[in-house]
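So the sequences go chain by chain: D, S and E. Using the numbering used here, you'd call the opening residue of the first sequence number 1 and step up by one each time. Using the numbering used here, you'd call the opening residue of the second sequence number 1 and step up by one each time. Using the numbering used here, you'd call the opening residue of the third sequence number 1 and step up by one each time. Everything on this sheet refers to the single structure shown next.
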Amino acid sequence: MTRPEWFVALGLLVFALGSVRLLFVRDTVTRLVALNIAGAGVFLVLIALAARTDPPDPVLHALVLTGIVIAVSVTGLGLVLIRRSDDGADESRDGDAP
Amino acid sequence: MSASLIPFAVLATSLIPAVVIFFLPDDATRIRTTLNLGGAAAKVALVAALIPAAVDGERFEWRSAFVPGVDLVLRVEPFALYFLALSSVLWLVTTIYAVGYFRDTPGRSRFFGFFSLCVVATTGIALAGNPVTFVIFYELLTLVTYPLVVHERSAAAIAGARTYLVHTLIGGVPLLIGVVWLTERVGSIDFADRGSDAMTQFAAREPVTATAIFVLILAGLAVKAALIPVHGWLPRAMVAPAPVSALLHAVAVVKAGVFGIVLLVDYTYGVDVAERLGVLTPLAVLASATIVYGSVMALRQDGIKARLAYSTVSQVAYVTLGVAVVSATATTGGIAHIVNQGLMKITMFFCAGLFAVVLGITRISDLDGVGRRMPVTSAAFTVAAVGMIGIPPMAGFLSKWYLAVGSVEAGQPWVLGVLVASSLLNAAYFFPIVHRLWWKTGDHGRVAGIEAPPSLLVPAAVTAVATVVVGLVAGWIYSPLNLARIITEGIYGL
Amino acid sequence: MTSLLPAFVVVPALVATLVAMIPRIGAVAAGATALAGVVAAVALTLRVSADGPVDVALGGWAEPVGIALRADGLSAAFVLFTAVVVLVVTVFASGSSAARGTPFFWALSLALWSGLNAVYVAADLFNTYVALELVTVAAVGCVALGGRSAAAPALRYLLVAVAGSLWFLLAVGLLYARTGTLSLRLALDVLRDPTDDGALVATVLILATVGLALKSALVPLHAWLPPAHAGAPAAVSPLMSAVVIKASIFVLYRLWTSLPADAATTSLAVLVGAVGSVAVLWGSLAALRQARLKRVVAYSTVAQVGYFVLLLPLVVPALRPEADDAARAVAELAVQGTVAMVAAHALAKSAMFMAAGCLLHARGTDEIAALRGAVVTNPGAVLAFGVAGVALAGLPPALAFSGKWQLLTAVLESGQWWWLIALLGGGLLTAAYTVRVLAVFVAERETGTENTPVPVRMTAATLVTAVAAGIAGVASAGWLATTTVGVF
């Protein structure tokens, strides 16, 4: 296999690992990290696909950059929600808001 | 342009009161009653004005697109007006009865709002010009009658209403798929006196599919028409208040089912096509079985309303029988029975309500000697019972006679046997009641003045008198029997 | 109109920013924007039906360099019902601060709306991806408005939605790598010969469908939905079930109707349809067993999503190279029917959640057992719930009935009889769980139950939406025809 193809396979593997961990773990911080890892896997695949041409394909790189930005924002949002739900877990868990 | 709005105007006479009434507070009796009676009277007047025109051959139609390629159609023609005349007159008297029955009870605006919507749905069914429009108003009727059945909000009412919904909604499934399939195979056809050409060609081309579609649609209609084995909701809907039972059994739901069967056999397929497909004899057998079963079950009931319910199951099947026997005379008898049975049955339900409200009586075994205490009510009941049994010169006799003659004409004399047997059974389950009312003695107290509130008594008396009048004026051009004859002539192309 | 298309995205976003800075004007600003949005959406629909799809290249930069927007019949339909739902929910939300959760409701809901419109008018996959993320973030924020107890469901929703986006991104990357373009229309030109690229198209569709199924809560990927939709504030739940779910459904439709089909794709479509049928059954049965009203409605959404994916097996035969006119006719019917059902669901589901919100406001809880006798204390909300349930079940004269009619016709014409079970059975099940709840509302009230009066505008908004869903079926023939303009 050529180098880009190796990296595509690797990226898919990382994506799979992240997704599986996301699915089966209970701890919320771990899940968020797993999500990021899955994201990294997807980015790897996209970069590898971009590397097949010379010079590398800028559109795919743009996709990756967008993805990274979104992943960072989402991680921030997720951490805030984790913090809140941990605080809320001390109070009675009702489930349905007014 | 304005002619096409006429069907719409007929609908509007009950739609506008319905919408307004929902917003009225419960104690706004005068406004609500005015709206109800005004709308009912307007509808009766409109229908009366339209009948002569329709008999002369005028037709009015309103169309609007439903989905691309399929239209909604409302049309004014004799059969539609026939059903509409029955339902609008009976709506008027039932409204008066209901106003008296529900005096000072909670939830009246809700009740009368849905009551009016029920009439809107029935009107739409009557005026439907093609299967799609029919299905729409038919299912709408199911929905707007549910709040009426559940009105008293007791556990029994909720359970009875649930049975009603389960039956009618499940029945709606084969009806819908049958009509969709029909439209997909044949295109969007309108109801026509002898079925449409497209339908005739389709039945010749694909008889198996045509038969399958017929069975599906019939299955859906059979639920409301209370044919066995899907009639079970009707006795169980007795938990509804008397005006609702009256409406359900005489005016709206059951009649809608049987009206639909006539439309299916004669206006969608056409009687020739149906005969060629071989579906009419099984239908006649099913109707006959229902007639006998209903009568036998009626015999075993002690509850007044329960006995009337099973009697309805049996009596309404006469109409189906009339349609299934291929003879103009029989079909005339069947169609005439739509009106006759409606008048007689509603009288009996009004009386049942009177017995319950005035004397607290709901069982037949408690009716001994009531004739002395409530003579007008008992007389009305007796008149209706005599009509049901089919003793001349009552209108009930005429419809049975036509059915009998027609079945011999069509070469199916076994139907005669069914008619004789059921008349005997009718006598068997109605005579004891009449006997108890007049020939037995019982202590029900005395009352000075009128035996029951006039708003309840007058409708019962009026419908009882109507059953007699209808039989007497059978020769008049606009009598139910003659209208039935005109309709049948259209169906058979005579 | 060409200059109006970007406004659908930009205006709500601008107003959202404004409202975030000046919370006091939230209700008025949102209401005015929503009203303008409905008018603009109607104008868009009329324009598309008259002149065909609207194409706009922002800043004059042509594809594939610039951002292009495109509105065809499908887009116009989704934009329209979204605008209507936003309007009625805005009226509803203005009636009670508890229904909103916090004052940030206005800004977040407007941002959400902006994101949704961006999804509907995006002409290429990159914009679609970004817009989907916008919707996710705004929606998660909306759910989190419910306070501490809503944080956990919101987090779960976030994780699942972003995971779904990753699958979608993978699919987009693969498609671009093969076709060299992010525009679906240009990609189709490259992919004309499916025998070469059949495997690629199938892979792209599988990846994208899994990702979008996660976001739409298609069984068995639905577990995140009931807690999130039920745990959100009363004015947020209608937005979530009625319109947010629709964004990923829209993208699903876009992808499947734009890529060529072959045997593998057809089998995949049938598989998705089968999963959808199971969803209808599963969701409805679960709805029958819930003790809380909002959970009933949430599981009802899970069931309805199953209906939406039934479009796929009916539409795919028309995309095969050997497709004939009959297959195309079936596809058009299927699109009309499904879009009608999607729009009907949007109206009816928002009415159901708003009714639940009214009852919650009145009784302080949404436990069904505590809502006995509500027909007397809150007749408007009960009527609305009943009508909405009936509308959802597809009984005439509801909009869903027209949708069901078209879908049934499409199923019969295509010969794929088995979908009848889900289509017909689902309606009965919907009626079942509606009546189960109604029976409690109608029963006698226990003495001593507290009852807070519900603001009139909340009940009115609920009732109007329910009635609209319930009677729109008889006047929608013209609108149905517009939904397929420019789709194939």
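Cβ atoms here follow ideal geometry from the backbone N, Cα and C, with glycine treated the same way. All of these numbers come straight from a predicted model, not from anything done at the bench.
Taking a 10 Å sphere around the C-beta of His435 (chain S), we find fewer than 16 other C-beta atoms and assign the residue as exposed. Within 7 Å of the CB of Val335 (chain E), no CB atom of chain S is found; the nearest one sits about 12 Å away.
The Cβ atoms of Val339 (chain S) and Ala410 (chain S) lie no closer than 8 Å to each other. At least one beta carbon of chain E lies nearer than 8 Å to the beta carbon of Arg31 (chain D). Taking C-alpha positions only, Val69 (chain D) is separated from Gly11 (chain D) by approximately 19 Å.
One thing to note: Ala68 (chain E) has its Cβ no nearer than 8 Å to the Cβ of Ala13 (chain E). Of S:Val67, S:Lys305 and S:Gly333, the smallest CA-CA separation from Ile487 (chain S) is found for S:Gly333.
Not a single C-beta of chain S is nearer than 8 Å to the C-beta of Pro313 (chain E).
Across the set S:Ile21, S:Gly178, S:Pro17 and S:Pro68, the C-alpha of S:Pro68 shows the shortest separation from the C-alpha of Ser476 (chain E). By the criterion of at least three beta-carbon pairs nearer than 8 Å, the region 21-30 of chain S is not in contact with the region 66-85 of chain S. For Asp71 (chain S), the uninterrupted beta strand (DSSP E) run begins and ends at Val70 to Val76, by DSSP. In this structure, Ala287 (chain S) keeps its C-beta atom at 8 Å or more from the C-beta atom of Ala330 (chain S). Cβ-Cβ separation between Leu145 (chain E) and Leu205 (chain E): approximately 35 Å, too far for a contact (criterion under 8 Å). By the Cβ-count criterion, Ser3 (chain E) is exposed, with fewer than 16 other Cβ atoms from all chains shown falling within 10 Å of its own Cβ. Nearest CB-CB separation between Leu140 (chain S) and chain E: below the 8 Å threshold.
Three or more Cβ pairs drawn from the region 423-439 of chain E and the region 389-403 of chain E lie within less than 8 Å of each other, which places the two stretches in contact. Against chain S, the beta carbon of Pro220 (chain E) has no neighbour under 7 Å; the closest one sits roughly 27 Å away. Spatial neighbours of Gly67 (chain D) in its own chain (CB-CB distance under 8 Å, excluding positions within 5 residues in sequence) are listed in chain order as Gly39, Val42, Phe43 and Leu46. Annotation: the continuous beta strand (DSSP E) that includes Phe60 (chain S) extends over Phe60 to Val67.
In chain order, Val180, Thr183 and Glu184 make up the part of chain S whose C-beta sits under 8 Å from the C-beta of Thr409 (chain E). By the C-beta criterion, the region 349-364 of chain S is judged to be in contact with the region 93-111 of chain S, since at least 3 inter-stretch pairs fall below 8 Å.
In this structure, Val201 (chain E) sits near Pro260 (chain E), with a CB-CB distance shorter than 8 Å. Secondary structure at Asp193 (chain S): strand, using DSSP grouped into helix, strand and coil.
Residue-level contact check: Ser402 (chain E) touches chain S, since one or more beta carbons of chain S fall below 8 Å from its beta carbon.
By the rule that beta-carbons nearer than 8 Å mark a contact, Ile21 (chain S) does not touch chain E. Within the region 55-87 of chain S, Ser64, Ala65, Phe66, Val67, Pro68, Gly69, Val70, Asp71 and Leu72 place their CB atoms closer than 9 Å to a CB of chain E, listed in sequence order. At a C-beta separation below 9 Å, Ala318 (chain E) has no neighbours in chain S, since its nearest C-beta there lies roughly 17 Å away. Under the Cβ distance rule, Leu143 (chain S) counts among the residues neighbouring chain E, one pair being separated by less than 8 Å. Between Leu407 (chain E) and Gly337 (chain E), the C-beta spacing is below 8 Å. Runs of the alpha helix (DSSP H) spanning 4 or more residues and lying entirely within the region 79-133 of chain E occur at 97-100 and 105-121, in chain order. Less than 8 Å divides the Cβ of Val239 (chain S) from the Cβ of Ala157 (chain S).
Beta-bridge pairing by DSSP links Arg292 (chain E) to E:Glu367. Boundaries of the beta strand (DSSP E) harbouring Arg70 (chain E): Ala68 to Ala71, taken from the DSSP string. Not a single unbroken stretch of the beta strand (DSSP E) spanning 3 or more residues falls wholly within the region 148-194 of chain S. Between Ile68 (chain D) and chain E, the shortest Cβ-Cβ separation is not below 8 Å.
When secondary structure is reduced to three states using DSSP, Ala57 (chain E) falls in the strand class.
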